[in-house]
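**Student:**
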C-alpha cells in the first residue's frame, strides 16, 4: 500500500483516562477511509493527533512521511482539515474567510484569488461571497469550512463529522466533492458516526470502540463477516402472529418494523418457502418479500455493543 | 522565517478586523486615558504639561494590553482556534500575530495624546528618538503582557479581563504616571522600579525634557529585558496549555 497516513501504536491518555489505545492502521492515496465509532470512542482525539494539534502519549503518526510530533508543520502544509467543532469567522465574509485561509498557506495573491473564486462557485457560495458568515446557514458555513480546507489543494483531507445536522442538498454537495477529490488522488480521512454515509462513501472503514480498533476492512467484507445477519423482509396483507414466524426452524430471530417483519437467518431461501407456506395456511396474502444482506449498521452494533469482538 | 512573518501578519490583520476595528474598543482607547487625564488635571489642579508623559504612557499601556487577553478565550469559545491550529503555524507565530495587532493599536493610540501634547499644549519634545523607541518597545512589552494574561485555558473572555484589570489598574498608580517617581518616597520608588510601565513613563518624561531618576538608555535596556522574559514565559505556557483548550 502506498500509505499517506501511517499510524503505529498510537495512544493518548487524558489524565488516567485512556482515550486512544495503541491503534495501528494505514490509509492510501486516493482512498476514502471511514473512521466510525460511537460518541466518546476516540475518533476526534485520533484525528487531532493525526493533524498535529494534540501530541500522542505514545506511538507515532506519519502523514505524507512527516512525523506528526517532530515535524507537524511539514505535514500541515499538505493537509486540509474540517474539525468537528470549528467555525469560520462570523464577522468576516465568505470571501474574507477564504482569503484568510489561503494567506495562512502563503499562497501567491493571483493564485489565491482565482482559487477562492473557483471554490466559492463549486460550493455554491459565490452569490453570497460578500455576506458575513454570521448570516450563513449551518450548511453554508460547513461548505465554507470545506472550501477553506481545500484552498491550498491538500493531498490529504481530514473531515470530522462534516455532514452532521446538514440539509440534504448540502450533504449531497459535500459527498460529491469528497468523491471527486478521492478520484483525483486525495486521501480522505472521514470521521463519522453516520454508518450509512460511511457505507456509501468509504473504500474502507475502521470501527473504534473504547479507544481500540474493533474492526478495519471494506464495508462489504465487514458485512460478510456477519452472514448470520442476513434477513428476509416480509409484509402480509392481514395481521400475522409473530410466533408463527418464530416457529420457522431456520429463523434465528424476528423483528417487527412497521408493517414488515425481519426474519434473521443463515438460509434465506428456506425461510422464504416456509413463509409462503404460513401465508397459505393462515389464508393471508404476501404483499412484499425481500432478502436483506447484513447492514454495516448491524456490523457496527455487533462490534460496539458490550462484549462485541474484534474482526 | 519569511513565511512565518507573513502568517503572523495574516493573523494580525484578522485580529484588527475582528477585535480592534470596533466602536467600543476604539472609544475605550481614546476615552479612558482622556478621562483619567482630566480627572487629575482638573480634579487635582495639576498642570496639564506635567501630566502629558503620564497620559501618553497610560494610553499606550491600556491600548496595547487591552485586547490580547481576550483573543485566545474568545477564539476558544467561537471554535475558530482549532481551525487556526491545523494550519501550518506554530504557537509563537500565532502569539506573534496577536501581539503585532496589539502593538499597532497601541502605537496609533499613543500618537493621539502625543499630537495633543505637542500640537495643542505645546509640550517641548526634546528627544523624539527616545519617545519613538520607548513607545515601540513598550507597546511590544505590554502586548506580550496582555497575551500572558490569557494563559488560563478558559473560553470565558470576561474572567480573563478581570484578571487583566486586577493587574493593570494597580500598575498605573505605582508607575509614576500621575506622580513622577523622582517625587516619590524611596520605598515607593523601589516598588515602582518593579513595574515595566515605570520605564515607559520615565523614558517619555526624558523625551519631554523632564527630570528622571532612570536614564533613558537604561529604560530601553530594562524594557527589552522585560519583553524577552515575558515572551519566553508566554510562549512556554501557551504551548503547554494549548491542548487543554481543545478538550470537548
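Residue numbers (this note's numbering), protein chains in the order written: chain C, 9 to 319; chain F, 43 to 290. Just so you know, even glycine gets a beta-carbon here, dropped at the ideal spot from N, CA and C.
Return no unless some Cβ of chain F is closer than 8 Å to the Cβ of residue 108 (chain C).
**Tutor:** Chain F, which has a Cβ nearer than 8 Å to the Cβ of residue 108 (chain C), makes this yes.
**Student:** For residue 80 (chain C) versus residue 19 (chain C), is the C-beta distance shorter than 8 Å?
**Tutor:** no
**Student:** Please classify residue 69 (chain F) as buried or exposed, where buried requires at least 16 other C-beta atoms within 10 Å of its C-beta.
**Tutor:** exposed
**Student:** Measuring only the C-alpha atoms, how far is residue 214 (chain C) from residue 222 (chain C)?
**Tutor:** 8 Å
**Student:** Does the stretch 50 to 69 of chain F come within contact of the stretch 131 to 149 of chain F, defined as at least 3 CB pairs closer than 8 Å?
**Tutor:** yes
**Student:** Indicate the three-state DSSP secondary structure (helix, strand or coil) for residue 141 (chain C) in the structure shown.
**Tutor:** helix
**Student:** Report back the beta-carbon spacing between residue 258 (chain C) and residue 279 (chain C) to the nearest angstrom; my notes put them in contact at under 8 Å.
**Tutor:** The distance from the Cβ of residue 258 (chain C) to that of residue 279 (chain C) is about 5 Å, consistent with a contact at the 8 Å cut-off.
**Student:** Between the Cα of residue 124 (chain F) and those of C:127, C:128, C:147 and C:153, spot the shortest distance and give me the residue it belongs to.
**Tutor:** Checked all of C:127, C:128, C:147 and C:153; the closest Cα to residue 124 (chain F) is C:153.
**Student:** Output the boundary residues of the alpha helix (DSSP H) element that contains residue 57 (chain F).
**Tutor:** Looking at the DSSP string, the run of the alpha helix (DSSP H) that includes residue 57 (chain F) is 44 to 57.
**Student:** Taking the runs of the alpha helix (DSSP H) that are 4 residues or longer, which of them lie wholly in the stretch 222 to 303 of chain C?
**Tutor:** 227 to 232, 250 to 254 and 276 to 289
**Student:** Looking at C-alpha atoms only, which residue of C:244, C:113, C:297 and C:227 is the closest neighbour of residue 207 (chain C)?
**Tutor:** C:227
**Student:** What are the complete beta strand (DSSP E) segments, minimum 3 residues, inside the stretch 218 to 277 of chain F?
**Tutor:** Whole beta strand (DSSP E) segments, 3+ residues: zero.
**Student:** Find out if the Cβ-Cβ distance for the pair residue 139 (chain C), residue 110 (chain C) is shorter than 8 Å.
**Tutor:** no
**Student:** Run the CB neighbour count on residue 185 (chain C), radius 10 Å, all protein chains shown included, and call it buried at 16 or more, exposed below.
**Tutor:** buried
**Student:** With residue 45 (chain C) and residue 217 (chain C) assumed to form a contact (beta carbons below 8 Å), what rounded beta-carbon distance in angstroms separates them?
**Tutor:** 6 Å
**Student:** Give the secondary structure of residue 119 (chain F) by DSSP, where H, G and I count as helix, E and B as strand, and everything else as coil.
**Tutor:** helix
**Student:** Exposed or buried, which one is residue 17 (chain C) when buried takes at least 16 other CB atoms within 10 Å?
**Tutor:** exposed
**Student:** In this structure, how does DSSP classify residue 102 (chain C) when only helix, strand and coil are distinguished?
**Tutor:** It is helical.
**Student:** Under DSSP, the beta strand (DSSP E) around residue 82 (chain C) begins and ends at which residues?
**Tutor:** From DSSP, residue 82 (chain C) is part of no beta strand (DSSP E) but of the alpha helix (DSSP H) over 80 to 84.
**Student:** How many angstroms separate the CA atom of residue 54 (chain F) from the CA atom of residue 222 (chain F)?
**Tutor:** 35 Å
**Student:** What does the alpha-carbon distance come out to for the pair residue 89 (chain C) and residue 273 (chain C)?
**Tutor:** The C-alpha of residue 89 (chain C) lies about 43 Å from the C-alpha of residue 273 (chain C).
**Student:** Using Cβ-Cβ distances below 7 Å, what residues of the stretch 65 to 95 of chain C are close to chain A?
**Tutor:** The chain inventory of the structure shown lacks chain A, comprising the protein chains C and F.
**Student:** Beta strand (DSSP E) containing residue 43 (chain C): first to last residue?
**Tutor:** 40 to 44
**Student:** Give the straight-line distance between the Cα atoms of residue 304 (chain C) and residue 230 (chain C), rounded to the nearest whole angstrom.
**Tutor:** Between the C-alpha atoms of residue 304 (chain C) and residue 230 (chain C) there is a straight-line separation of about 7 Å.
**Student:** Where do the ends of the alpha helix (DSSP H) carrying residue 186 (chain F) lie?
**Tutor:** Residue range 170 to 191 is occupied by the alpha helix (DSSP H) that includes residue 186 (chain F).
**Student:** Buried or exposed, going by whether 16 or more other CB atoms sit within 10 Å of the CB of residue 32 (chain C)?
**Tutor:** exposed
**Student:** For the stretch 121 to 142 of chain F, list every residue whose C-beta sits within 9 Å of some C-beta in chain C, in sequence order.
**Tutor:** 121, 122, 123, 124, 125, 126, 127, 128, 129, 130, 131 and 132
**Student:** What residues in the stretch 112 to 134 of chain C bring their beta carbon closer than 8 Å to a beta carbon of chain F?
**Tutor:** 112, 113 and 114
**Student:** Which first and last residues belong to the alpha helix (DSSP H) in which residue 29 (chain C) is found?
**Tutor:** It is not in any alpha helix (DSSP H) - residue 29 (chain C) instead sits in the beta strand (DSSP E) that spans 25 to 36.
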